[in-house]
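>
There are 4 protein chains.
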Amino acid sequence: MAYRSGRHFLQVPGPTNIPDRVLRALSAPTMDHRGPEFARLTGEVLGGLRRVFRCSGPVLVYPSSGTGAWEAALVNTLSPGDRVLMFETGHFATLWCGVARRLGLEVEFVPGDWRHGVDPEVVRWRLSRDRRGEIKAVAVVHNETSTGCTSRIAEIREAIDGAGHPALFLVDVISSLGSIDYRHDEWGVDVAVGCSQKGLLLPPGLGLNALGERALEASREARLPRSYWDWRPMLESNAGGYFPYTPPTNLLYGLREALGMLFEEGLENVFARHRRHAEATRRAVRAWGLEVLCLEPEEYSASLTAVLMPEGHDADELRRVVLEEFNMSLGAGLGKLAGRVFRIGHLGDLGDLMLVGALSGVEMGLSLAGVPHCRGGVAAAMEYLTGTVRAGGERVLVSGG
Amino acid sequence: MAYRSGRHFLQVPGPTNIPDRVLRALSAPTMDHRGPEFARLTGEVLGGLRRVFRCSGPVLVYPSSGTGAWEAALVNTLSPGDRVLMFETGHFATLWCGVARRLGLEVEFVPGDWRHGVDPEVVRWRLSRDRRGEIKAVAVVHNETSTGCTSRIAEIREAIDGAGHPALFLVDVISSLGSIDYRHDEWGVDVAVGCSQKGLLLPPGLGLNALGERALEASREARLPRSYWDWRPMLESNAGGYFPYTPPTNLLYGLREALGMLFEEGLENVFARHRRHAEATRRAVRAWGLEVLCLEPEEYSASLTAVLMPEGHDADELRRVVLEEFNMSLGAGLGKLAGRVFRIGHLGDLGDLMLVGALSGVEMGLSLAGVPHCRGGVAAAMEYLTGTVRAGGERVLVSGG
Amino acid sequence: MAYRSGRHFLQVPGPTNIPDRVLRALSAPTMDHRGPEFARLTGEVLGGLRRVFRCSGPVLVYPSSGTGAWEAALVNTLSPGDRVLMFETGHFATLWCGVARRLGLEVEFVPGDWRHGVDPEVVRWRLSRDRRGEIKAVAVVHNETSTGCTSRIAEIREAIDGAGHPALFLVDVISSLGSIDYRHDEWGVDVAVGCSQKGLLLPPGLGLNALGERALEASREARLPRSYWDWRPMLESNAGGYFPYTPPTNLLYGLREALGMLFEEGLENVFARHRRHAEATRRAVRAWGLEVLCLEPEEYSASLTAVLMPEGHDADELRRVVLEEFNMSLGAGLGKLAGRVFRIGHLGDLGDLMLVGALSGVEMGLSLAGVPHCRGGVAAAMEYLTGTVRAGGERVLVSGG
Amino acid sequence: MAYRSGRHFLQVPGPTNIPDRVLRALSAPTMDHRGPEFARLTGEVLGGLRRVFRCSGPVLVYPSSGTGAWEAALVNTLSPGDRVLMFETGHFATLWCGVARRLGLEVEFVPGDWRHGVDPEVVRWRLSRDRRGEIKAVAVVHNETSTGCTSRIAEIREAIDGAGHPALFLVDVISSLGSIDYRHDEWGVDVAVGCSQKGLLLPPGLGLNALGERALEASREARLPRSYWDWRPMLESNAGGYFPYTPPTNLLYGLREALGMLFEEGLENVFARHRRHAEATRRAVRAWGLEVLCLEPEEYSASLTAVLMPEGHDADELRRVVLEEFNMSLGAGLGKLAGRVFRIGHLGDLGDLMLVGALSGVEMGLSLAGVPHCRGGVAAAMEYLTGTVRAGGERVLVSGG
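Chains as they are written, first to last, in the UniProt record's numbering: chain A, 1 to 401; chain B, 1 to 401; chain C, 1 to 401; chain D, 1 to 401.
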């Protein structure tokens, strides 16, 4: 295939644009994973991850996809036939439910419309009725990558507590970690499930579990068969700076660099940037006369925006046109949203001009694909961005913007 | 820590020295794993892997360590309580046995002295006595990375056939693939288990399963719980060039480059090179007056050589001296060999001068660590190498060498 | 300084955005510049450069800036006191004039307004009056990087021929090569002067001379002192694949890759792309109500656009705002244009979305800097780009765009 | 050509093995050379270079080879017809002499045998006789890369002073800088000439001039034509952190990293390492029964060792065999030493095991090429290295070595 000049715009909601610094870090020679230098690396990345998760307990790193980290969270805390309360917030929640069922768990899967996060009231109501404590865990996706709806984790925690229920609280932070504020300890999450290729600015290949005290306790009694995902040997080896099996060294080099970049920018600034880019994107969508999939403003995702296509128009055809003509990848509609939505990822290592470039690709693509729309989405985004630039590290409103 | 000038010599038996070309390939920007370009990449790497495994069936690539690929081989073919015949050839065979037991399998673990491969006669004898076909699988490590002893896979296959036994044949080729001749189809192996960080010239992070027809059949009946490792969704997605979960894109870039390099050199040449370097290493060991751990010449590993320390001398102290003074990592004795052996990896991307450099580090380290030995190991290796150089692509003996 | 998320937009008219492929190629280990592999590299890059220059004679590569290649063109063809006809088309023409004078040449510098290219009629008129043939060379800048005005090289050639004058024709193609059509042989240029960091997609560090037959003849008589820039030892060494002094190996690796990319895209496609991006940029400028510096549409540069600031507004203040708020570098006004213009580079490895991103940075910067302007520049550019996308390698007009 | 496994051993005396860290630094995206970040980079690298040169005056960096820096030293300080005293210490001194003559200087070239450095007594004697002060400069090569002989710069300085002569003192430190102790200010050198691809651990592409006060004065009167090499605009621009023409940005990234590595190791440690590797190399040469070209132990080079071939044996044939069979590049005999010597570079980023590997390639190559020699060179080097390892940053003698 002939060379397409210019950078590819990777605007799927993960993997995200890997910063050059991270790509270069990835290409350092692999080192001995049993030597003293490796132990220092382990210490640095595990310490940095704790800062990102805001947790005081251990964070575990698996050579795996995020899917694997879902499995790890389940097999370490639950036993065959245990009941888990899950919520159909979208495609990924549905996949996680499937994992749980295949492992022999009993999932109670609360239906949803794929346009909202989890309703904390439903959690409270359901747990309140579970007098016998049959529900062993509540599992929620913080940011549904398929829909662009977040769930309010702190409020769900309150709901569990309000119901006085002892269920473990498992949270998928795959596409929120490093992009959207997440507070493991403060929100009382027992296991958080993450991965490398979203807000952590890395290629795919690392699955993460952040553990709370109650999860560690539960893992002592849990009876699902486990070997690869078993926390115990991992915790033991990590304590000395090592791993129970050969760790993915080069991704850890990249992780060290990526964590450094997040801390240089400042996590609060990172989150504010994502919120601002998300708002600019939604303004573009509305100016186009299109509909943001997420119906609840409080639950808008800062990582991605899913956009509904007008009736009779195929999102995949739009995506094909945008890829071919403008060298940009957009996220597809997944599961029952296939063809009906496209997703704009605005997470990871992104700047204002990259975002406007991406939105212009959508706007021009809508024209080329013959999708009815108003122009002016890019203009609306620019107006918002201009009015909210930072100066000297502080956000200022520029009146003349 | 102050900078140590010059390249680190990574002479553990994996991870191996990653060629620069592969490191650069790793650092290409991550692409959309659902786009058309990715499908081409998948096709290329899976096709190339089949050539390396010499198999006509599918090869599956997991984001995992080799340990994970062990687990995948078991959970896809066996059911709770199934009996597996395994052999204590060393540390890694013992670990694999542990994985099987943790997953709920019944392992019959034939004891060994860690200085030999699997005896095909024992296989024949044991299977012949299994009149009721209780043994569902025979699992063997092709090249024991902890001992430097190989097992004769073709002969074990004959033993299984000789016993007329239907057990599946599972083989760990983790440290043989790409370094030592392995013939999946010809030797009738049902599942081979590999990984990225040895002869495939990559960083850690990929686990591999090569599947035979009978393994695929078995997977339809197998009842161990499986989700992440399940072959079925992987086979389905791979058919179109995709993966059921986000694949480790950048390692796949590296894999494409590494496969290209192996084919440029020619697999036969690659194997011959490993054999030659192994022989040079053993000549050095003998010249030092030390003992090669492996007792059976037919079973010498071409990937690594484990060397016994003289009584009263600690291998780890030698390794520490070599690391500090000569910037070289050697493999430790593992499990019950801890402190008693050190291992010299001579696999992966290695040339004659790198090998001599590595052996000189051992020889000088023996002096500094006060280990009784004769000098002349390096000289013996050089003599052998000089006598067996290639000229014009053909190996020639140089009389004046 | 804290990390600024996202890619820097390097929109100065050179150095340009280096493609990742080229950056990776640059980082290959340096090789022996006297070995056989190096000779192959030399052959490849010199052959590729001839294709880009469209010349059949030699192209020479100096470890130098483009400034050095100016000097090389002069010292190899001229003698102390020789008269050279040059034209004040802008800052770089003025600098080249200064080089010539410092070397002891007599420059006749035709004044200009920095808003036009060279007038071929002036060339014809002046040479026609030079009855005694005192003018030894005519030196012209093809694309004035300081103004965004090109000169019509083919017409100037005709003017020289029309005057029947034997002067050598020296052309600076520094910011046109690889971006704007240039035909060395067809246009009868005697020496062309280029460099690496513009359309050739490389970092700075290589100066280029493309030589014609008459230039080689002239070099035999030329008497300016020369050593480093002397063509003779370079031609001799290059013939065998080598250089008379240590060449900048890693930049040559990059050059090989960059040439490959230009040929993959196709030079005609590369030029068409630059013209299209330049037109989109000018439409944005006009929509802002600002003025393109270049007054002659036939002479518009496809590499860059210089934009006049409204009276009383400082271009450098705009550039400062754009750099700080939007992480984009724009070109400064140079020489007598300092503060009065800013320059948008749209050359090198650029795609539509990168261009729109860059233009959005200008438009938002105009707002923030309080520069009077109309919005709608980005919209105008998008409209043009949408109407002129390529499909299947052919440019098509999309009516509904 | 088929892939040769393992790293190439680049043992020419420059370019040297570029450390991975530097190669990665080289591949960072090119930045705007007129922006504030660039000014910081300039300040860092020029400051670091002053530390390496041990000079308090300015160091200038040209996009050029070392040859260009020779020219810069001459054209900035001398006038047409000026007399320069130079010494035929080898091929590079002869080339520098040629540069001077081509530029119109009158060189008095003191003959030499290519086996010694410059004799300070000859300097004193000649200058003492120059009553009329016709000699304007004395130009000496610190480390003759073609012979492996150094000249005693401090003693030559004393000789100049002893003669009470005002000549400028120009010193080529191309292959000594960063490898062999050099003290610009202390030794009263007026201009030092360096480049990037030797002890500075970089690819070729940077020429360096370190200036003393008297050289700056001389440059005000010097009348050789100069433009590219002119110090004045360089000094002016550098003062603000910029360059008068586009600087080779990516090499400056590499330079920043390389300087950091030299300072991490400590310059004194760097020099001690080079001396130790040189001595190990000479011991190998003597054990082979071959002759080191340099006849004066006080003048042995720590950067490289030139080795004389036995009568009737061609060094280039040996080099060809070593390249083909062992993937190692050795330095050729240059000029009148062509075919008669080969050169082993042991400068730059080198460790003990790399050195032994390189020496083993020579020893095995001697066998294969049928060159009469004794074995045992590698053994002799190892013995020396073992006896002189560092422990805890301090060199210690190990008795049992």
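All residues carry an ideal CB built from backbone N, CA and C; glycine is no exception.
What is the residue span of the beta strand (DSSP E) that D:SER329 lies within?
Along the fourth sequence, read from residue 1 onward, the residue named residue 329 of chain D stands at position 329. Taken as a continuous stretch (DSSP letters only), the beta strand (DSSP E) holding D:SER329 covers 328-332.
> Give me, in chain order, the residues of the same chain whose beta-carbon lies closer than 7 angstroms to that of C:ASP181; leave out the 5 immediate sequence neighbours on both sides.
Your numbering for residue 181 of chain C matches position 181 in the third sequence. Closer than 7 angstroms at Cβ, skipping near neighbours: PHE271.
> Check whether the segment 336-355 of chain C and the segment 7-16 of chain C are in contact - that is, three or more C-beta pairs closer than 8 angstroms.
Counting Cβ pairs under 8 angstroms, three or more are found: they touch.
> Could you give the distance in angstroms between the alpha-carbon of B:ASP352 and the alpha-carbon of A:LEU206?
In the second sequence, counting from the first residue as 1, residue 352 of chain B sits at position 352. In the first sequence, counting from the first residue as 1, residue 206 of chain A sits at position 206. For B:ASP352 and A:LEU206, the distance between alpha carbons rounds to 36 angstroms.
> In whole angstroms, what is the alpha-carbon distance linking C:VAL138 and C:CYS294?
Position 138 of the third sequence, counted from the first residue, corresponds to residue 138 of chain C. Position 294 of the third sequence, counted from the first residue, corresponds to residue 294 of chain C. Cα-Cα distance, rounded: 23 angstroms.
> If you measure between the beta carbons of B:ASN209 and B:VAL189, is that distance less than 8 angstroms?
Start at 1 with the first residue of the second sequence, and residue 209 of chain B comes out as number 209. Start at 1 with the first residue of the second sequence, and residue 189 of chain B comes out as number 189. For B:ASN209 and B:VAL189, no; Cβs fall outside 8 angstroms.
> Could you tell me which chain A residues have their CB closer than 9 angstroms to the CB of D:ALA28, listed as they occur along the chain?
Within the fourth sequence, numbered from 1, the residue matching residue 28 of chain D stands at position 28. Residues of chain A passing the Cβ test: ASP20, ARG21 and ARG24.
> Count the other CB atoms, across all protein chains shown, that sit within 10 Å of the CB of C:PRO58; report buried if there are 16 or more and exposed otherwise.
Against the third sequence, residue 58 of chain C aligns to sequence position 58. C:PRO58 comes out buried.
> I'd like to check one pair, B:LEU127 with B:ILE156: are the Cβ atoms closer than 8 angstroms?
Walking along the second sequence from the start, residue 156 of chain B turns up at place 156. Walking along the second sequence from the start, residue 127 of chain B turns up at place 127. No. Outside cutoff.
> If you measure between the beta carbons of D:PHE53 and D:HIS142, is that distance less than 8 angstroms?
Counted from its first residue, the fourth sequence places residue 53 of chain D at position 53. Counted from its first residue, the fourth sequence places residue 142 of chain D at position 142. Not a contact, by the Cβ cut-off of 8 angstroms.
> Here's the rule I'm using: 16 or more other beta-carbon atoms within 10 Å means buried, otherwise exposed. How should B:GLY48 be labelled?
Here the question's residue 48 of chain B lines up with position 48 in the second sequence. The residue in question, B:GLY48, is buried, as its Cβ has 16 or more Cβ neighbours within 10 Å.
> What separation, rounded to the nearest whole angstrom, lies between the Cα atoms of B:GLU298 and D:ALA338?
Numbered from its first residue, the second sequence carries residue 298 of chain B at position 298. Numbered from its first residue, the fourth sequence carries residue 338 of chain D at position 338. Taking the straight line from one Cα to the other gives about 49 angstroms.
> Would you grab the beta carbon distance between C:MET382 and A:SER360 for me? Rounded to a whole angstrom, and I think it's under 8 angstroms.
On the third sequence, residue 382 of chain C is found 382 positions in, with the first residue counted as 1. On the first sequence, residue 360 of chain A is found 360 positions in, with the first residue counted as 1. Their Cβ separation, rounded to whole angstroms, is 6 angstroms, which keeps C:MET382 and A:SER360 in contact under 8 angstroms.
> For A:ARG302, is the classification buried or exposed, using 16 other Cβ atoms within 10 angstroms of its Cβ as the cut-off for buried?
The residue labelled residue 302 of chain A in the question sits at position 302 within the first sequence. Checking the sequence, you will find Ala at residue 302 of chain A rather than Arg. Label assigned to A:ALA302: buried.
> I'd like to know whether the C-beta atoms of C:THR94 and C:GLY335 end up nearer to each other than 8 angstroms.
Position 94 of the third sequence, counted from the first residue, corresponds to residue 94 of chain C. Position 335 of the third sequence, counted from the first residue, corresponds to residue 335 of chain C. Taking 8 angstroms as the Cβ cut-off, C:THR94 and C:GLY335 qualify as a contacting pair.
> Mind listing the chain C neighbours of A:ARG115? Cutoff is C-beta to C-beta under 8 angstroms, in chain order.
As a first step, residue 115 of chain A must be located in the first sequence, where it is residue number 115. Chain C residues near A:ARG115: none, gap ~29 angstroms exceeds 8 angstroms.
> Tell me, to the nearest whole angstrom, how far the beta carbon of A:VAL285 is from that of A:GLY199; I am working on the premise that it is less than 8 angstroms.
In the first sequence, residue 285 of chain A corresponds to position 285, counting from 1. In the first sequence, residue 199 of chain A corresponds to position 199, counting from 1. Contact doesn't hold; Cβ gap of about 22 angstroms is too wide.
> Buried or exposed for C:ALA239, please, with buried defined as at least 16 other CB atoms from any protein chain shown within 10 angstroms of its CB.
Sequence index remark: in the third sequence, residue 239 of chain C carries index 239 (1-based). Classification for C:ALA239: exposed.
> Looking at the secondary structure, which residues open and close the alpha helix (DSSP H) in which C:LEU127 lies?
Numbered from 1 along the third sequence, position 127 holds the residue referred to as residue 127 of chain C. Residues 120-129.
> Using a Cβ-Cβ cut-off of 8 angstroms, state whether B:ASN327 counts as contacting chain D.
One-based indexing of the second sequence puts residue 327 of chain B at position 327. Cβ-Cβ to chain D under 8 angstroms: yes for B:ASN327.
> Mind checking the segment 179-199 of chain B against chain A and listing, in chain order, the residues whose C-beta falls within less than 7 angstroms of any C-beta there?
Hits within the stretch, in order: GLN197.
> Against chain C, does D:LEU49 count as a neighbour if the rule is that its beta carbon must be under 8 angstroms from one of theirs?
For this step, residue 49 of chain D is matched to residue 49 along the fourth sequence. Output row for D:LEU49: interface = no.
> Quick check on the DSSP output: the beta strand (DSSP E) that includes C:PHE87 runs from which residue to which?
Along the third sequence, one-based indexing puts residue 87 of chain C at 87. Looking at the DSSP string, the run of the beta strand (DSSP E) that includes C:PHE87 is 83-87.
> Going by C-alpha to C-alpha distance, which of C:ALA287, C:SER146, C:ALA278 and C:ALA358 sits closest to C:ARG340?
Start at 1 with the first residue of the third sequence, and residue 340 of chain C comes out as number 340. Among C:ALA287, C:SER146, C:ALA278 and C:ALA358, the Cα nearest to that of C:ARG340 is on C:SER146.
> From the DSSP output, which residues share a beta bridge with A:ARG343?
The residue given as residue 343 of chain A occupies position 343 in the first sequence. In the DSSP output, where bridge partners are listed per residue, A:ARG343 has A:ALA306 and A:GLY331.
> Check whether the segment 212-228 of chain D and the segment 99-106 of chain C touch, using three or more Cβ-Cβ pairs below 8 angstroms as the test.
With a cut-off of 8 angstroms, the segment 99-106 of chain C and the segment 212-228 of chain D count as touching, because enough Cβ pairs lie within range.
> Could you check where the beta strand (DSSP E) with B:ILE135 kicks off and where it finishes?
Translated into positions along the second sequence, residue 135 of chain B becomes position 135. Taken as a continuous stretch (DSSP letters only), the beta strand (DSSP E) holding B:ILE135 covers 135-141.
> Could one say the Cβ of B:ALA358 lies closer than 8 angstroms to chain D's Cβ atoms, at least one of them?
Along the second sequence, read from residue 1 onward, the residue named residue 358 of chain B stands at position 358. It does; some Cβ of chain D falls within 8 angstroms.
> How should A:CYS374 be labelled, buried or exposed, when 16 other C-beta atoms within 10 angstroms of its C-beta is the threshold for buried?
As a working note, residue 374 of chain A is residue 374 in the first sequence. The residue in question, A:CYS374, is exposed, as its Cβ has fewer than 16 Cβ neighbours within 10 Å.
> Below 8 angstroms, can you find three or more Cβ-Cβ pairs linking the segment 209-222 of chain A to the segment 209-220 of chain B?
They do not touch, by the three-pair rule.
> On the DSSP bridge list, what partners appear for C:LEU170?
On the third sequence, position 170 is the one that residue 170 of chain C refers to. C:ALA139 and C:VAL191.
> Which chain C residues are close to A:VAL378, counting only those with a beta carbon under 8 angstroms from its beta carbon?
Within the first sequence, numbered from 1, the residue matching residue 378 of chain A stands at position 378. The answer, in chain order, is VAL356, SER360, VAL378, ALA379 and MET382.
> Kindly identify the DSSP beta-bridge partner or partners of B:ALA72.
Working through the second sequence from its first residue, we reach residue 72 of chain B at position 72. The partner list for B:ALA72 (beta bridge, DSSP) is empty, contrary to what the question assumes.
> In the segment 218-245 of chain B, which residues sit with their C-beta less than 9 angstroms from some C-beta in chain A, listed in chain order?
Answer in chain order: LEU224, PRO225, ARG226, SER227, TYR228, TRP229, ASP230, PHE243, PRO244 and TYR245.
> Are the C-beta atoms of C:SER399 and some chain D residue less than 8 angstroms apart?
As a first step, residue 399 of chain C is located in the third sequence; it is residue number 399 there, counting from the start. Model confidence at C:SER399 stands at a pLDDT of 34, short of 50, so the residue's coordinates are unreliable and nothing is read from them.
> Given C:PRO372, which residues of its chain have a CB within under 6 angstroms of its CB, disregarding the five upstream and five downstream residues?
Within the third sequence, residue 372 of chain C is the residue found at index 372, counting from 1. For C:PRO372, where only same-chain residues beyond five positions count, the Cβ hits under 6 angstroms are PRO310.
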